[in-house]
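Engineer:
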Amino acid sequence: EYQVAVLDVGQGSAAVLQTSNHVLVFDSGAKFSEKFDVGKSVVIPYLRFQGFKLLDMLIISHGDADHIGGAAAIINEFPDTSVMGRGIENLNVGNKTLCSTGQHWHWDGVDFSILSPEADVAEHDQNRRSNDLSCVLKVSSPAGSVLFTGDIEKKAENYLLQWYASQLKSDVLIVPHHGSSTSSSIEFIEAIKPKLSIISAGYKNRYKLPSSKVIVRYDQMGSRLLNTANLGAVTFRMRLNEDFTVSNYRQAAKKYWHHVLD
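What follows is the structure in structure tokens.
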């Protein structure tokens, strides 16, 4: 059994995964200014509210500001955490590892595997956009599976289709690159066959994400598509021999009269 909360961090990405005895944060949102840091203002309060005193691992998919911006604050709050990722060379933390294909670990009956990028790719490959160097994490257990994709685009999607097609199928997909049309090819979605797909995006963001073309693709594949911009944080729980349950913050936080009117 495990739970994932895709937090509402505006235009950016941050998710918290918890097993019975371990906690992982995947991406840390943005640092919009000295006064507003998503790590400090959203991620840490969520972790504290859940009662976590330790953070086992922080994975930063890549070095874009909307994914790494809150990392320093999280590390400062949880200095013993292990950090894995790409674009993390400037983070001040003792235990720091580049993510690459083949890395694998096991917590409380849940398997974690890094599917991309390949181990021999340079940290700043001139032939590869940083988005396509994003860490891709597959999480699976008998209860269900989820695929975290960072900001991968078509080149990385094609790499995964070529080398890991049999491992891509997942119950839940964290949609690549906030629903950009440069990602989520039809072939990629077909290989994953997600029952649920979650977009992390800002409300009325300047990039106009998610792309309407991408929304249509997921709809055509029969995947339920949720967007944090509209729903707030989206949480799902995987339980053995049960359908996974999904809730969102704006539904859970409705006032009494909203429930009555509904």
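My numbering numbers the first residue of the sequence shown as 48 and each following residue consecutively.
Built from N, CA and C at the ideal position, the CB exists for glycine as well.
Residue range of the beta strand (DSSP E) that serine 231 falls in?
Structural biologist: Where serine 231 is concerned, there is no enclosing beta strand (DSSP E), given that its DSSP letter is neither H nor E.
Engineer: Quick check: what's the CA-CA separation for valine 63 versus serine 247?
Structural biologist: The alpha-carbon atoms of valine 63 and serine 247 are separated by roughly 13 Å.
Engineer: May I ask you to list the residues that DSSP assigns as paired with alanine 52?
Structural biologist: Val63, Thr282.
Engineer: Suppose the cutoff is 6 Å on Cβ atoms and the five residues either side in sequence are ignored; what does the same chain contact list for leucine 243 look like?
Structural biologist: Result list for leucine 243: Val219, Arg271, in chain order.
Engineer: Below 8 Å between beta carbons: does that hold for glycine 134 and glycine 110?
Structural biologist: In this structure, glycine 110 lies closer than 8 Å to glycine 134 by Cβ.
Engineer: State the beta-bridge partners of asparagine 295 as determined by DSSP.
Structural biologist: In the DSSP output, where bridge partners are listed per residue, asparagine 295 has Val281.
Engineer: Between the beta-carbon of cysteine 182 and the beta-carbon of glycine 132, is there less than 8 Å?
Structural biologist: Going by C-beta atoms, cysteine 182 is nearer than 8 Å to glycine 132.
Engineer: Measure the Cβ-Cβ separation of lysine 185 and leucine 162 and say whether it is below 8 Å.
Structural biologist: It is a contact, given that the beta carbons lie within the stated cut-off.
Engineer: Can you look up isoleucine 239 in the DSSP assignment and give me helix, strand or coil?
Structural biologist: Of the three classes helix, strand and coil, the one that applies to isoleucine 239 here is helix, per DSSP.
Engineer: Just the C-alpha distance for valine 56 and aspartate 84, rounded to the nearest angstrom, thanks.
Structural biologist: The alpha-carbon atoms of valine 56 and aspartate 84 are separated by roughly 10 Å.
Engineer: Give me, in chain order, the residues of the same chain whose beta-carbon lies closer than 7 Å to that of glycine 249; leave out the 5 immediate sequence neighbours on both sides.
Structural biologist: Counting only Cβ-Cβ distances below 7 Å, and skipping sequence neighbours, we find Gly57, Gln58, Ala276.
Engineer: Considering only C-alpha positions, which residue in the set Gln65, Ile262, Ile91 is nearest to serine 232?
Structural biologist: Here the closest residue by C-alpha is Ile262.
Engineer: Taking only runs of the beta strand (DSSP E) that begin and end inside the segment 105-188, which ones reach a length of at least 3 residues, in chain order?
Structural biologist: Runs of the beta strand (DSSP E) inside the segment 105-188: 129-132, 143-145, 151-154, 157-163, 183-188.
Engineer: Over what stretch of residues does the beta strand (DSSP E) that includes isoleucine 221 continue unbroken?
Structural biologist: 219-221 is the extent of the beta strand (DSSP E) around isoleucine 221.
Engineer: Can you give me the C-alpha to C-alpha distance between phenylalanine 159 and valine 53, rounded to a whole angstrom?
Structural biologist: The straight-line gap from Cα to Cα measures roughly 17 Å.
Engineer: To the nearest angstrom, how far is the alpha carbon of proline 92 from that of phenylalanine 99?
Structural biologist: Cα to Cα, the separation comes out at about 10 Å.
Engineer: Starting from lysine 216, follow its DSSP beta bridges and name the residues at the other end.
Structural biologist: Answer is none; lysine 216 lacks a bridge partner.
Engineer: Please go through the same chain and pick out, in chain order, the residues whose beta-carbon is closer than 6 Å to the beta-carbon of asparagine 178, but skip the five residues on each side of it.
Structural biologist: Asp198, Glu200.
Engineer: Look up lysine 100 in the DSSP assignment and say whether it is helix, strand or coil.
Structural biologist: Three-state result, lysine 100: coil.
Engineer: Within 10 angstroms of the Cβ of alanine 77, are there 16 or more other Cβ atoms? Answer buried if so, exposed if not.
Structural biologist: Buried, because 16 or more other Cβ atoms sit within 10 Å of the Cβ of alanine 77.
Engineer: When burial is assigned at 16 or more other CB atoms within 10 Å of the CB, is alanine 203 buried or exposed?
Structural biologist: Alanine 203 is buried by the Cβ-count criterion.
Engineer: Between the alpha carbons of lysine 87 and isoleucine 121, how many angstroms are there, rounded?
Structural biologist: Cα to Cα, the separation comes out at about 7 Å.
Engineer: Within 10 Å of its beta-carbon, does tyrosine 254 have 16 or more other beta-carbons around it, so buried, or fewer, so exposed?
Structural biologist: That one is exposed.
Engineer: Pull the bridge partners of arginine 271 from the DSSP assignment, please.
Structural biologist: Paired residue(s): Leu243.
Engineer: Roughly how many whole angstroms lie between the Cα atoms of valine 51 and aspartate 155?
Structural biologist: Answer to the nearest angstrom: the Cα atoms are 15 Å apart.
Engineer: Going by DSSP, name the residue or residues bridged to lysine 78.
Structural biologist: For lysine 78, which the question treats as bridged, DSSP gives the partners Asp84.
Engineer: Give a yes or no on whether the C-beta atoms belonging to phenylalanine 125 and leucine 102 are separated by under 8 Å.
Structural biologist: Yes; because the gap between Cβ atoms is below 8 Å, this pair is in contact.
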